[in-house]
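Report on the following structure.
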């Protein structure tokens, strides 16, 4: 019998999502610097960014970290890392709310808030990539990972997937785009090519980025 724990977990979609979050905050920072923060395209881009991040972090908090925590019971250093992951999420939430309010009000502190959010989220993503993902690779199985991605798929639904998939690959280098799409089921790739990418582009997220 094959031991499923010896199979490596494919984190392609996780890294691609992280890169998309970083890319969107770069676009927000540029929009703020260019004086376009109040435009409909930027607002739509920001709303989608916060929506995608909420789904991602909620799935981690409810369906991923508890699973890892069960596997590392009695290992204080690993449990402390999971505490850090959850604490970092809690520090990001008020920054999202502050940026959202400042965007609506076009407040003068908006540039500083965007920089603070960008630095805080990037630190968290790097910490997760450098420490939490290797831990997950060590203690979880591909089936555990599939349960996590399944939770995201259920939350997104088909309508959400029609935005999520082209959003992830928007502006990605061709090799990264191909790696992400190749990790998707064939019907998703077909739907994305025929319908979803065009619909996503028509949304005009971030406007002239």
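Residue numbers (full-length UniProt numbering): 1 to 209.
Ideal Cβ placement from N, Cα and C applies to all residues, glycine included.
Remember, predicted model here, so these are calculated numbers, not experimental data.
- Here residue 136 carries a helix assignment [DSSP, helix/strand/coil].
- Residue 135 and residue 81 do touch by the CB rule: their CB atoms are close to 6 Å apart, below 8 Å.
- In the DSSP assignment, residue 100 falls within the unbroken alpha helix (DSSP H) covering 76-105.
- With respect to residue 99, residue 121 sits apart: the two C-beta atoms are not nearer than 8 Å.
- Runs of the alpha helix (DSSP H) spanning 4 or more residues and lying entirely within the stretch 122-191 occur at 133-139, 142-169, 174-182, 186-191, in chain order.
- Sixteen is the threshold: since fewer than 16 other Cβ atoms of the shown chains lie within 10 Å of the Cβ of residue 157, the residue is exposed.
- If you ignore the 5 residues before and after residue 106, its C-beta comes within less than 7 Å of the C-beta of 37, 38, all in its own chain and listed in chain order.
- Taken through DSSP and simplified to helix, strand or coil, residue 24 comes out as helix.
- By the C-beta density criterion, residue 109 is exposed, having fewer than 16 other C-beta atoms within 10 angstroms.
- Here DSSP, grouped into helix, strand and coil, assigns residue 53 to helix.
- With contacts defined as CB atoms closer than 8 Å, residue 13 and residue 155 fail to qualify as a contacting pair.
- For residue 32, the secondary structure class from DSSP, reduced to helix, strand or coil, is helix.
- The shortest CA-to-CA distance from residue 115 to any of 170, 22, 44, 177 is the one to 22.
- Taking C-alpha positions only, residue 111 is separated from residue 7 by approximately 44 Å.
- Residue environment for residue 128: buried (at least 16 other C-beta atoms within 10 angstroms of its C-beta).
- Remark: C-beta atoms of residue 45 and residue 206 approach each other more closely than 8 Å.
- The three-state secondary structure of residue 73, taken from DSSP, is coil.
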